[in-house]
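The structure appears below as structure tokens.
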Amino acid sequence: MRIHVDGVSLEVQDSGEGPAVLLVHGFPDTHALWRAQVHALNAAGYRTIAPDQRGYGASDRPQEVADYGMEEQIRDLTGILGVLGVPEVHLVGHDTGAAIAIAFAAFLPERVVSLTSLSVGHASAFAAAGLPQREKSWYMLAFHFPGLAEEWLSRDDFAALRDWTRHPEADEVVARLSDPAALTSALGFYRANITPESLLLPANTLPQLKVPTMGVWSSGDRFLIEEQVTGTERHVTGPWRYERLEGAGHWMTLEAPEEVNALLLDFLGSVRR
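In structure tokens form, the structure reads like this:
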């Protein structure tokens with residue numbers, strides 16, 4: 001379905017009945033990242049709401065970098081929930097979608113029953129992870145060269161993107177990003193929120209997480225180290241749970257769907273409002 005929020009039209013998959021779970025994807029994905037989780041959650045009696053984030057999939061692609069700022073990202077999610085008449089949700093995010101979900105939960109805890117963050121931790125924990133994490137984050141700096149980043153990623157049938165990400169569904173990703181406008185908009189989040197300065201300086205203060213929170217990291221993640229997830233515990237005042245998935249790569253929802261589903265169902269079922 002299409003949902004219009006402050007002049008932006010977003011594609012949203014809404015299915016199932018029961019307590020609502022809002023699923024927030026990251027780069028370079030769409031709501032399809034969650035298809036195995038949607039099936040399991042719906043079968044277990046949950047309603048799932050999975051948007052294509054602005055700039056991705058069938059959703060609109062604003063042209064200005066500022067249009068991809070964190071406030072705009074959070075406004076999209078609250079707007080979707082408003083249109084659907086959903087006052088509170090279990091919130092689940094992956095990759096940059098996890099960063100959005102964490103910020104949402106930090107600033108609007110009254111709207112969040114629980115938070116599950118896959119791969120990415122609290123911004124302060126990310127900053128505290130130090131040089132080992134910064135070394136893995138080199139591509140975030142590369143993304144800040146407009147035109148050059150797009151050329152690097154797309155040259156020779158997206159050879160660099162295929163080799164660098166090792167995305168399990170690379171052909172589908174390449175087909176979507178072959179439109180130059182789609183590739184540029186997919187980089188919008190990084191250009192608006194993860195500036196070169198932010199990778200060198202201490203993180204801006206993000207409120208503590210007051211809601212029940214589960215962090216999940218996979219041992220095969222090529223982009224993010226474990227400490228930036230485990231360190232999130234220091235920034236959670238509510239109940240905290242950490243889970244490590246052995247062997248799975250960064251795209252754990254696709255590479256280890258049964259394990260992710262089991263963790264989600266167990267965690268969501270343990271949370272009481």
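So for the sequence shown, full-length UniProt numbering puts the first residue at 1; every next one is plus one.
Every residue gets a Cβ at the ideal spot worked out from N, C-alpha and C, and that includes glycine.
Just so you know, these numbers come straight off a predicted model, no measurement behind them.
Query: Do GLU17 and ARG61 come within 7 Å of each other at the CB atom, strictly closer than that value?; Result: no
Query: Using C-beta distances below 7 Å, list every residue in its chain close to ALA66, excluding the 5 sequence neighbours before and after it, in chain order.; Result: ALA192
Query: Identify, in the order they occur along the chain, each residue of the same chain with its Cβ nearer than 6 Å to the Cβ of PRO212, setting aside the five sequence neighbours on each side.; Result: SER114, GLY238, PRO239, VAL271
Query: For the alpha helix (DSSP H) that PRO257 lies in, which residues bound it at each end?; Result: 257 to 270
Query: Using DSSP with H/G/I as helix, E/B as strand and the rest coil, what is GLU243?; Result: strand
Query: Taking 7 Å as the threshold (C-beta atoms), are VAL5 and GLY57 in contact?; Result: no
Query: In the DSSP output, what is MET214 paired with across the bridge?; Result: THR116, ARG241
Query: Rounded to the nearest angstrom, how far is the Cβ of VAL89 from that of VAL21, given a contact under 8 Å?; Result: 6 Å
Query: SER117 and ALA98: beta carbons closer than 7 Å?; Result: yes
Query: Quick one: grab the DSSP three-state call for THR205.; Result: coil
Query: Pull up the distance between the alpha-carbon of GLN13 and that of GLU246, whole angstroms please.; Result: 30 Å
Query: Based on the DSSP secondary-structure assignment, which residues constitute the bridge partners of THR165?; Result: Looking at the DSSP assignment, THR165 forms no beta bridge with any residue, so it has no partner.
Query: Compute the distance between the beta-carbons of ARG54 and ASP76, then report whether it is under 7 Å.; Result: yes
Query: Measure the Cβ-Cβ separation of PRO28 and VAL173 and say whether it is below 7 Å.; Result: yes
Query: Could you tell me the alpha carbon to alpha carbon distance between VAL86 and ALA43, rounded to whole angstroms?; Result: 20 Å
Query: At what residue ranges does the region 74 to 155 contain a whole run of the beta strand (DSSP E), taking only runs of 3 or more?; Result: 89 to 94, 112 to 118
Query: Looking at GLU255 and ALA248, is the spacing between their C-beta atoms short of 7 Å?; Result: yes
Query: Measure the C-alpha to C-alpha separation of GLY26 and SER185 and round it to an integer number of angstroms.; Result: 12 Å
Query: Considering only residues of the same chain and omitting the five flanking positions on each side of PHE126, which have a CB-CB separation below 6 Å?; Result: GLN228
Query: With distances taken between CB atoms, is the gap from PHE267 to HIS250 smaller than 7 Å?; Result: no
Query: Which residue from LEU264, MET252, GLY121 puts its Cα closest to that of ARG166?; Result: MET252
Query: Could you check the C-alpha separation between GLU150 and GLY269 for me, to the nearest Å?; Result: 42 Å
Query: First and last residue of the beta strand (DSSP E) that includes HIS4?; Result: 2 to 5
Query: Suppose you measure from the CA of GLU218 to the CA of THR96; what does that come to, to the nearest Å?; Result: Checking the sequence, you will find Ser at residue 218 rather than Glu. Answer to the nearest angstrom: the Cα atoms are 16 Å apart.
Query: Can you tell me whether DSSP reads LEU253 as helix, strand or coil?; Result: Looking at the sequence shown, residue 253 is not Leu but Thr. In the structure shown, THR253 sits in a helix (DSSP, three-state: H, G or I).
Query: Per DSSP, what kind of secondary structure is GLN13 in: helix, strand or coil?; Result: strand
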